[in-house]
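Here is the structure we will look at, set down as structure tokens.
There are 2 protein chains.
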Amino acid sequence: MRVTIRDVAQRAGVSVSTASRALSGARPVGTELTTRVTAAARALGYRQNRLASALRTQRTGTVGMVVPQISNPFFPALVEAIERSLSGSGRQLLLCDAQRDPAVEAVRLQALADRQVDGLIVAPVSAVASADALAAVAAEVPVVQVDRYVTDADLDWVGVDDAAGLRLIAGHLADVGARTVVLVSAGSESSTGRSRLAGFGPAAARHRLTTAEPLLGEYGIDWGVRAADLLRARGPLPDAIVGGNDEIALGVVRGLRAAGVRVPDDVLVTGFDDAGFAALADPALTTVRQPHALIADECVRLLDLARAGGEQAPRRIALAPTLVVRASTTRS
Amino acid sequence: MRVTIRDVAQRAGVSVSTASRALSGARPVGTELTTRVTAAARALGYRQNRLASALRTQRTGTVGMVVPQISNPFFPALVEAIERSLSGSGRQLLLCDAQRDPAVEAVRLQALADRQVDGLIVAPVSAVASADALAAVAAEVPVVQVDRYVTDADLDWVGVDDAAGLRLIAGHLADVGARTVVLVSAGSESSTGRSRLAGFGPAAARHRLTTAEPLLGEYGIDWGVRAADLLRARGPLPDAIVGGNDEIALGVVRGLRAAGVRVPDDVLVTGFDDAGFAALADPALTTVRQPHALIADECVRLLDLARAGGEQAPRRIALAPTLVVRASTTRS
DNA sequence: CCCGGCTGGGCAAACGTTTGCCGATCAGTA
DNA sequence: TACTGATCGGCAAACGTTTGCCCAGCCGGG
């Protein structure tokens, strides 16, 4: 049988309420009693039953998170950052995987809400198919979207400033002498695909880069490989290929290589996200690093704000990324 | 105010206990009442408060997991598998990151125990420094170790059969004509380092491979790079280099490349784990794939067993890996 | 007609906390 | 001395469930 606050109170010779107050500091308790209670607690090895506490206070000290797929290397980094950001205030992360399926995602969201999490951080699987479940759960508990967002829902969002990232890339490519660039990215099912596409044109124009028609598929290495072929079939290659994320970029590199095109000697390639393997790939990938820690902090801050402040206009926070130059755009 | 079982009972015109029994099926309830209760629950959109339920039943339907570092690409795959395995029985995973620090790990373990998780799945940070905290928490809740284990604690463990993995690698290397091999792995702080070292010699001998003195450092790409240099300094390279995990192997490839040694043309390299980037690397890495799903299922099974069966001798379950042959050992 | 057993509904007590309220004690002031 | 207010301990009621126990009703057997 675990030791309860009742045992502590008994050993300290005080009432349960006094013990509770002495331990939690909810109200001042005489110094002598306080020491007696804390001594008793230590002696007995008392540790609070968070469940009972949560039932009473309506606060679990737990934040739920749902990611589309944890094995997608972008998310572990984010999870880690959020876990760290939360642990600063003694909270825990309850993590779920949506298995890339909006139906699974809906179940997970409900399960987390049933567990009375204090807040929910969600990277929605789909910009449209995830909307209903997200809206439903947002009615019960503060929700912050991260990385991706659903359309038609007035929910907070925190992510990277895609336009800024593309400006960084365009600037860098211009610096190393590229004149013509083409974007290979994901289509508009995901919000990031949409905004990276939107940001590309202006960024290129700003640095006087000539662009060709973008190739839009899906985030994934396979699409990158295929896009490389399509690109070669289209005629002479551009000076640089801008990948919508690191996986696409890596696929492009692989596809070009298979055809005897060398990176970076014949064509430059850039990624987006700075997922773990971007540095490990060969050639190491020039990319744009998402500010994980900042994103995480911002998510947590918005959750706290939502709890404190009640209803407000949804906030959309786009944080500035940084450029990471590696071998894939460095001519030796 | 959320709708409680009380509201459901009221609307159905029955007592709270009947409502509870009708919904949970804990005891048979007349068919008419059952339908009335379920109809009321649906109409009101009732969803059980898991906290209250857990407080009463002493079962949270939540399993805690602590990993050394979620951004280490091996763990997301494991987390995903375990999450999936648990969701089959309607349970949730409460994930924590130990930030590679036994002290943080201890805090996380306690925090999970305080939240009354039904079980704990832990990949200990350190074979020795993690032992005390793990033993302490194991006194309160069933614990299963995964991947790594601590010495001097009688706790269940589930992981991969390192010896079998090395036999697969040795056999494959012998098949492709290698005669001399050397192991580059991690030292004995981690249990896997120890057992992979132990398995290497016999596996090589079985396939009549000549071995040289192993190089032992730590899991990580940097050590691989350094080891490649050490190896070259030592004299003529072996036919094949066996990495203790994929990161080391990739580091070795990089180190060799930098010195103008080609993989696989000049020397073969293998990894271990089949982390996500192993397939993405260039050359794609021949490696041994951990059976994530099996490991996950086994962890969950052991936890359930521990809850049901009470105290028993600790079980150590080593599951057979499979060989994945890729470019790093394929001479064209 | 009586009795025993079974079915199924409801009361109320838990689970381990927190907290509103009451009242006791004590110091300070008139 | 009496009164006021502040300080602080304790009682007991919550939080939302589940479940042990009791009891009513009913059926079948003797």
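So the sequence lines, in the order shown, correspond to chains A and B.
UniProt numbering numbers the first residue of the first sequence as 1 and each following residue consecutively.
UniProt numbering numbers the first residue of the second sequence as 1 and each following residue consecutively.
Think of the CB as a built atom: it goes at the ideal place given N, C-alpha and C, for glycine as much as any other residue.
Three-state class that DSSP yields for residue i in the structure shown
i, result
"Gly243/A", "strand"
"Ala123/B", "coil"
"Ala275/A", "coil"
"residue 351/A", "Outside the shown range of chain A (1 to 332) lies residue 351/A, about which nothing can therefore be said."
"Thr31/A", "helix"
"Thr322/B", "strand"
"Arg316/B", "strand"
"Asp161/B", "coil"
"Val16/A", "helix"
"Ser24/B", "helix"
"Ala133/A", "helix"
"Arg331/B", "coil"
"Val300/B", "helix"
"Gln116/A", "coil"
"Ala306/A", "helix"
"Val150/A", "coil"
"Ala174/A", "helix"
"Ala139/A", "coil"
"Ala281/B", "coil"
"Arg2/B", "coil"
"Ala259/A", "coil"
"Val128/A", "coil"
Burial state of residue i (16 or more Cβ within 10 Å)
i, result
"Val128/A", "exposed"
"Asp273/B", "buried"
"Leu209/A", "buried"
"Gly255/B", "buried"
"Asp97/B", "buried"
"Gly217/B", "buried"
"Arg6/B", "exposed"
"Thr62/B", "buried"
"Ala26/B", "exposed"
"Leu330/B", "Before going on, a small fix: residue 330/B reads as Thr here, not Leu. Exposed: under 16 other Cβ atoms inside 10 Å."
"Leu230/A", "exposed"
"Glu83/B", "buried"
"Arg91/A", "buried"
"Gly45/A", "exposed"
"Asp118/B", "buried"
"Pro236/A", "exposed"
"Thr192/B", "buried"
"Ser328/A", "buried"
"Gln58/A", "exposed"
Cross-strand partners of residue i (DSSP beta bridge)
i, result
"Asp156/B", "Val144/B"
"Leu268/A", "Ala240/A"
Cβ-heavy atom distance, residue i to the ligand MG, below 7 Å
i, result
"Ala43/A", "As for the ligand MG, it is missing from this structure, which has no ligand bound."
Cβ-Cβ separation, residue j to residue i (assumed contact under 8 Å), whole Å
i, j, result
"Ile295/A", "Val158/A", "5 Å"
"Leu86/A", "Val300/A", "6 Å"
"Leu112/B", "Leu94/B", "6 Å"
"Glu247/A", "Ile221/A", "5 Å"
"Pro73/A", "Phe200/A", "The pair is not a contact, with the Cβ atoms about 23 Å apart (cut-off 8 Å)."
"Val125/B", "Pro102/B", "5 Å"
"Val137/A", "Val143/A", "6 Å"
**OP:** Could you tell me which uninterrupted beta strand (DSSP E) segments, each at least 3 residues in length, are contained entirely in the segment 179-243 of chain A, listed from first to last along the chain?
**Re:** 180-186, 215-217, 240-243
**OP:** Kindly provide the ranges of any alpha helix (DSSP H) runs that are 4 or more residues long and lie completely inside the segment 39-102 of chain A, ordered along the chain.
**Re:** 50-57, 74-87
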